[in-house]
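Q: Anchor point for the sequence shown: position 325 equals 308 in our numbering, and the numbering is continuous, going up by one each time.
Think of the CB as a built atom: it goes at the ideal place given N, C-alpha and C, for glycine as much as any other residue.
This is the structure I have questions about; it appears just below.
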Amino acid sequence: MEDTKLQKMKELVEIINYHNYNYYSLDNPTISDAEWDKLYDELLALEKETGVVLENSPSKRVGGEILSSFKKYTHEVNLYSLEKCNTFERLREWVDSIKKQNQKTEFFVEYKYDGLTVSLTYENGILVSGATRGNGSVGEDVTAQVKTIRTVPLTIDYKGKVIVQGEAIMKLSELSKYNKTADEPLKNARNAAAGAVRNLDPKITASRNLDVIFYSINYIDNTEIKSQVEMYEFLKNNKFNVEKKWQLCSTYEEIENAINDIDNIKSSLDFLIDGVVIKVNDIAERKLFGYTAKFPKWAIAYKYAAEEMSTKLNGITWQVGRTGKMTPIAEIEPVELAGATIKRATLNNYNDILRKKIKLYDYVFVRRSNEVIPEILGVARETAESTPIQKIDTCPSCGSKLVEIGANLFCVNTYHCPEQIKDRITHYASRDAMNLVGLRDKTVAQLYEILHVSTVADLYNLTADDLSKLEGFKDKKITNLLDAIEKSKDVELSQFIYSLGIPNIGKKSAKLLAKEFKTYENFKNAKIEDINNIFTFGDVMSEAIVEYFENDNNLQIIQKLFDSGVKIKEYVQKSTQKLSSMTFVLTGTLPTLSREDATKIIEDNGGQVSSSVSKKTDFVLLGENPGSKLQKAQELGIKIIIEAELKKMVE
Ligand SMILES: [Zn+2]
-16 MEDTKLQKMK
-6 ELVEIINYHN
4 YNYYSLDNPT
14 ISDAEWDKLY
24 DELLALEKET
34 GVVLENSPSK
44 RVGGEILSSF
54 KKYTHEVNLY
64 SLEKCNTFER
74 LREWVDSIKK
84 QNQKTEFFVE
94 YKYDGLTVSL
104 TYENGILVSG
114 ATRGNGSVGE
124 DVTAQVKTIR
134 TVPLTIDYKG
144 KVIVQGEAIM
154 KLSELSKYNK
164 TADEPLKNAR
174 NAAAGAVRNL
184 DPKITASRNL
194 DVIFYSINYI
204 DNTEIKSQVE
214 MYEFLKNNKF
224 NVEKKWQLCS
234 TYEEIENAIN
244 DIDNIKSSLD
254 FLIDGVVIKV
264 NDIAERKLFG
274 YTAKFPKWAI
284 AYKYAAEEMS
294 TKLNGITWQV
304 GRTGKMTPIA
314 EIEPVELAGA
324 TIKRATLNNY
334 NDILRKKIKL
344 YDYVFVRRSN
354 EVIPEILGVA
364 RETAESTPIQ
374 KIDTCPSCGS
384 KLVEIGANLF
394 CVNTYHCPEQ
404 IKDRITHYAS
414 RDAMNLVGLR
424 DKTVAQLYEI
434 LHVSTVADLY
444 NLTADDLSKL
454 EGFKDKKITN
464 LLDAIEKSKD
474 VELSQFIYSL
484 GIPNIGKKSA
494 KLLAKEFKTY
504 ENFKNAKIED
514 INNIFTFGDV
524 MSEAIVEYFE
534 NDNNLQIIQK
544 LFDSGVKIKE
554 YVQKSTQKLS
564 SMTFVLTGTL
574 PTLSREDATK
584 IIEDNGGQVS
594 SSVSKKTDFV
604 LLGENPGSKL
614 QKAQELGIKI
624 IIEAELKKMV
634 E
């Protein structure tokens, strides 16, 4: 064998063992799962190619070292791990290999939870022990810890002996609740759950509000369970927490569809999943397939593209927004996340950096999921160069001294700070504001730098001659922009309110304000009490509005807009207000309407759309593959309707 290959294997084993120890024994991950998988796959490939498996290779065992401070627990029945794949080619191969033996095989498709696997033993209906998975044959005794978890039954109806397996998870809603007040925020839900179960103080386990989702029976006496479906039924009947959504598939195509459907809704779940598990449903049939050295041949896990990675923090850029707020932007070593290359991620504010204990040149965890700005979750590991991040004291755009308000730093040089001026104009021009098509940040920068446009009112004095001085501006482009500016003179009240860029007033709030006050004059003269009448408004928003109109500079700019011919339409209640004062929550994929379309229909008819189910919800609009909102709605007894019913309601 070539020495270079052996050397490479030694290196890989060492690196993987290092990360394993941090991850499994210390609950302090120093690498993302996707990176780990890559190293591990590389090692497996070399082992296969050379036929050599080193004595300390992680492939010889599945799992990590046991902390000496925990009592070891030897599993009566080994907990197997699953073969993981991330391509449909491999999945099809696996399905074909099963089908070759039995055309009629049914497959059970369930979520692959991203938490900590636990095994619980019950005798005479009483929970007698709980253990972590460990390396599959020896884990840790966490009986005292799991007893504190609300979704672990202390007694069950079944009086025989039964060993069940589940995943300890921390719901995302619990994680965000915890992090709101925690001195040291938890990096992510998976580590939070693992850290809570593998904690020597059961009180800490209890305080994290974990859950266990059960999905397997590894041993049972006196009762025959014939299939995975029966397993779920048994678990459910004995009041174990089981997931209601699973599917039986009989063809490869059905499995692939299920995987794609789950991919679409996974970001709406209140817990992390990192893939889908596919098992042969029939237990007797499983026995025919048996096991490889490490895996059962009758099951496979399909893993989704990573949404979280660790990468190096190379720098911090402070960004000044239109309100003067400074946002630290992390410049990171580019990573692939959920199908896109990420180079920058937000750190919210300076306090956030301190709370997360992030230093320059650290490796940090970055997360990006659907439609969310990438964010830095916390430190993965320090490097030799790690240095504290300095708090800035002057504005990088205008050089004026910054002011600290709450958790944020502000540049208060509102009317002369170039970045603030440009950002306010960009906001004014944006689609949901005045919709000045063709006026985006690059053009705004030219307008400011070359034509000295410094307020939104200046836009209305621009001439074709002026615009021809800008780079890339020819006849058509000039006409289009001037047309868009002219067209914006006739504007809806809600759009105008949003375009002002008042702190904390987004487009949804702007709509509510327009509806409440009907005319610009009423809105401008509104008092804090009047604004607070609106259901979702509080003092912070109301004060921001009143302060905005107390500022002469703002009033002068608005007067100039009116002088240039801007006219604000009076808010008119649309004649069809069939859904007035009704609140809807959307869940799942609708058959024909997109989320945006459905929201528009509801709002155009006077209804409101909310993102979470509460007692105040009137209807839940149900689509395919709904999230946890459906369950919540059922618990609260809220009326559930489908798309066709919504259409009927507004006919
Ligand atoms: Zn500034």
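Which of helix, strand or coil does DSSP assign to A509?
A: Looking up residue 509 in the sequence shown gives position 526. A509: coil per DSSP, three-state reduction.
Q: Does the Cβ of K232 lie closer than 7 Å to at least one heavy atom of ligand 1?
A: Start at 1 with the first residue of the sequence shown, and residue 232 comes out as number 249. Looking at the sequence provided, one finds Cys at residue 232 rather than Lys. C232: no, Cβ never under 7 Å from ligand 1.
Q: Quick test of your reading: P311 and Y333, contact by CB under 8 Å. State the CB separation rounded to the nearest angstrom.
A: For the purposes of this step, residue 311 is taken as the residue at position 328 of the sequence shown. For the purposes of this step, residue 333 is taken as the residue at position 350 of the sequence shown. Taking C-beta atoms under 8 Å as the contact rule, P311 and Y333 qualify, at a distance of about 7 Å.
Q: Taking a contact to mean a Cβ-Cβ separation below 8 Å, would you say I146 touches Y202 in this structure?
A: Here the question's residue 146 lines up with position 163 in the sequence shown. Here the question's residue 202 lines up with position 219 in the sequence shown. The answer is yes: Cβ separation under 8 Å.
Q: Would you check whether ligand 1 has a heavy atom nearer than 7 Å to the C-beta of E432?
A: In the sequence shown, residue 432 corresponds to position 449, counting from 1. Within 7 Å of the C-beta of E432 there is not a single heavy atom belonging to ligand 1.
Q: Indicate the three-state DSSP secondary structure (helix, strand or coil) for S477 in the structure shown.
A: Stepping through the sequence shown from its first residue, residue 477 is reached at position 494. It is helical.
Q: Do you know offhand how far V436's Cα is from I488's?
A: The residue labelled residue 436 in the question sits at position 453 within the sequence shown. The residue labelled residue 488 in the question sits at position 505 within the sequence shown. Their Cα atoms are separated by approximately 24 Å.
Q: According to DSSP, is L562 helix, strand or coil?
A: For the purposes of this step, residue 562 is taken as the residue at position 579 of the sequence shown. In the structure shown, L562 sits in coil (DSSP, three-state: anything other than H, G, I, E or B).
Q: E(-3) to L27, Cα distance in whole Å?
A: Position 14 of the sequence shown holds residue -3. Position 44 of the sequence shown holds residue 27. Their Cα atoms are separated by approximately 14 Å.
Q: Closer than 7 Å: is that where the CB of Q403 sits relative to any heavy atom of ligand 1?
A: Counting from one through the sequence shown, the residue named residue 403 turns up at place 420. Because some heavy atom of ligand 1 lies under 7 Å away, the Cβ of Q403 counts as near it: yes.
Q: Which residues have a Cβ closer than 5 Å to any heavy atom of ligand 1, listed in chain order?
A: C378, S380, C381, C394, N396, C400
Q: Hey, would you say L495 sits closer than 8 Å to T462, going by beta carbons?
A: For this step, residue 495 is matched to residue 512 along the sequence shown. For this step, residue 462 is matched to residue 479 along the sequence shown. Taking 8 Å as the Cβ cut-off, L495 and T462 do not qualify as a contacting pair.
Q: Taking the continuous alpha helix (DSSP H) assigned at Q617, which residues delimit it?
A: For this step, residue 617 is matched to residue 634 along the sequence shown. Its alpha helix (DSSP H) spans residues 611 to 619.
Q: What separation, rounded to the nearest whole angstrom, lies between the Cα atoms of V395 and C381?
A: The residue given as residue 395 occupies position 412 in the sequence shown. The residue given as residue 381 occupies position 398 in the sequence shown. Taking the straight line from one Cα to the other gives about 10 Å.
Q: Taking the alpha helix (DSSP H) that M632 belongs to, which residues open and close that run?
A: Within the sequence shown, residue 632 is the residue found at index 649, counting from 1. For M632, the uninterrupted alpha helix (DSSP H) run begins and ends at 626 to 633, by DSSP.
Q: Could you give the residue range of the alpha helix (DSSP H) that holds P311?
A: In the sequence shown, counting from the first residue as 1, residue 311 sits at position 328. DSSP places P311 outside any alpha helix (DSSP H); the residue lies instead in the beta strand (DSSP E), whose first and last residues are 309 to 320.
Q: Out of D345, K21, E123, state which residue places its alpha-carbon closest to the alpha-carbon of E53.
A: Translated into positions along the sequence shown, residue 53 becomes position 70. One point to set straight first is that residue 53 is Phe, not Glu, in the sequence displayed. Nearest of D345, K21, E123 to F53, Cα basis: E123.
Q: Buried or exposed: where does K163 fall if 16 or more other Cβ atoms within 10 Å of its Cβ makes it buried?
A: To locate residue 163, count along the sequence shown from 1; it is residue 180. It counts as exposed.
Q: From the DSSP output, which residues share a beta bridge with W229?
A: For the purposes of this step, residue 229 is taken as residue 246 along the sequence shown, with counting starting at 1. Answer by DSSP bridge pairing: none, since W229 is not bridged.
Q: Where does S8 fall in DSSP's three states?
A: Residue mapping note: residue 8 aligns to position 25 of the sequence shown, counting from 1. Legend: pLDDT at S8 = 44, less than 50; position of this residue unreliable, value from coordinates given subsequently. Looking at S8 - three-state DSSP - the assignment turns out to be helix.
Q: When the distance is taken between beta carbons, is L62 closer than 8 Å to T100?
A: On the sequence shown, residue 100 is found 117 positions in, with the first residue counted as 1. On the sequence shown, residue 62 is found 79 positions in, with the first residue counted as 1. The Cβ atoms of T100 and L62 lie closer than 8 Å to each other.
Q: To which residues of the same chain is G369 closer than 8 Å at the C-beta, ignoring the five residues directly before and after it?
A: Here residue 369 corresponds to residue number 386 of the sequence shown, with the count starting at 1. In the sequence on display, residue 369 carries Ser and not Gly. Answer for S369: K342, L343, Y344, D345, listed in chain order.
Q: Only counting the same chain, and skipping five residues up and downstream in sequence, which positions put a Cβ closer than 8 Å to that of P41?
A: Position 58 of the sequence shown, counted from the first residue, corresponds to residue 41. Once the five neighbours on either side are set aside, the close Cβ partners of P41 are V(-4), I(-1), N0, N3, Y23, L26.
Q: According to DSSP, E607 sits in a beta bridge with which residue or residues?
A: Residue numbering aside, residue 607 sits at position 624 when the sequence shown is read from its first letter. In DSSP, E607 forms a bridge with T572.
Q: Go through its chain and collect everything with a Cβ distance to L65's Cβ below 7 Å, but skip five positions before and after it.
A: Locating residue 65 in the sequence shown gives position 82, counting from the first residue. Answer for L65: V260, F278, A282, I283, A284, listed in chain order.
Q: Given a cut-off of 8 Å, decide if N107 and K142 are closer than it, judged by their beta-carbon atoms.
A: Within the sequence shown, the letter at position 159 stands for residue 142. Within the sequence shown, the letter at position 124 stands for residue 107. Yes, the Cβ-Cβ distance between K142 and N107 is below 8 Å.
Q: Less than 8 Å separating the beta-carbons of A289 and S15?
A: Taking the first residue of the sequence shown as 1, we reach residue 289 at position 306. Taking the first residue of the sequence shown as 1, we reach residue 15 at position 32. Yes.
Q: Could you please give the first and the last residue of the uninterrupted beta strand (DSSP E) stretch that includes R350?
A: By 1-based counting over the sequence shown, the position of residue 350 is 367. DSSP places R350 inside the beta strand (DSSP E), whose first and last residues are 346 to 350.
Q: Considering only the beta carbon of each residue, do N264 and Q211 sit closer than 8 Å?
A: As a first step, residue 264 is located in the sequence shown; it is residue number 281 there, counting from the start. As a first step, residue 211 is located in the sequence shown; it is residue number 228 there, counting from the start. For N264 and Q211, yes; Cβs fall inside 8 Å.
Q: Using the rule of at least 16 other Cβ atoms within 10 Å of the residue's Cβ for burial, across every protein chain shown, is E150 buried or exposed?
A: Residue 150 sits at position 167 when you count from the first residue of the sequence shown. Classification for E150: buried.
Q: Using the rule of at least 16 other Cβ atoms within 10 Å of the residue's Cβ for burial, across every protein chain shown, is R191 buried or exposed?
A: Taking the first residue of the sequence shown as 1, we reach residue 191 at position 208. Burial call: buried.
Q: Using the Cβ count rule (16 or more neighbours within 10 Å means buried), how would you classify P317?
A: Walking along the sequence shown from the start, residue 317 turns up at place 334. Exposed.
Q: Could you check which residue in K295, K498, E239 has the C-alpha nearest to that of I553?
A: The residue given as residue 553 occupies position 570 in the sequence shown. The sequence as given places Glu at residue 553; Ile does not occur at that position. Of the listed residues, the one whose Cα sits closest to E553 is K498.
Q: Return the chain-ordered ranges of every alpha helix (DSSP H) run that is complete within the stretch 42 to 113 and spans a minimum of 4 residues.
A: Here the runs fully enclosed are 71 to 84.
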